[in-house]
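In the numbering used here, the protein residues as written are 22 to 194.
For reference, the structure discussed in these notes is given below.
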């Protein structure tokens, strides 16, 4: 009985484990120092409704950047978009760093950015899609009982790109 229990537990643990692979490529155009009191905000790159970065992924990135020994202060993305209304709404947000200088030149916009303490805008662009999946279900019945056992598996692929804009210099970092 103990061998059966140990084998079942081992099979269950192996079946429940997954694997993940990540590749990070870095490219810098400017130095990106963050002074005391400065923050970053992580926003989904504006695009067609429903095709942007997932909220859970954005929260995960925000928590990762803010956490740790050398964490960076992260401004809440929804609060920033609301404070900067309508300039960072999906339909009006600047699409290129060059458009940021024009936006910051508008009356009051530069003041609102300074009040928020945000130095860098990190635009996340990408998505996660299911590439494969399957499973099986088996049921049985006998006098005195019935039951089913099954499993499911899936494979997802995520591709994201982060672009950082320096709001002080109005350039891509």
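Backbone N, C-alpha and C fix where the C-beta goes; we use that ideal spot for every residue, glycine too.
- Under the 10 Å beta carbon count, residue 126 is surrounded by fewer than 16 other beta carbons and is classified as exposed.
- The shortest C-alpha to C-alpha distance from residue 141 to any of 120, 96, 174 is the one to 96.
- The three-state reading of DSSP puts residue 83 in helix, counting H, G and I together.
- In this structure, the alpha-carbon of residue 117 lies about 9 Å from that of residue 186.
- Inclusion of residue 146 and residue 110 in the CB contact set at 8 Å is not warranted, their separation being larger than that value.
- In the same chain as residue 86, and ignoring 5 residues on each side of it, the C-beta atoms closer than 6 Å to its own belong to 93, 95, in chain order.
- For residue 163, the uninterrupted beta strand (DSSP E) run begins and ends at 139-163, by DSSP.
- Going by DSSP, residue 179 is part of the beta strand (DSSP E) stretching over 166-187.
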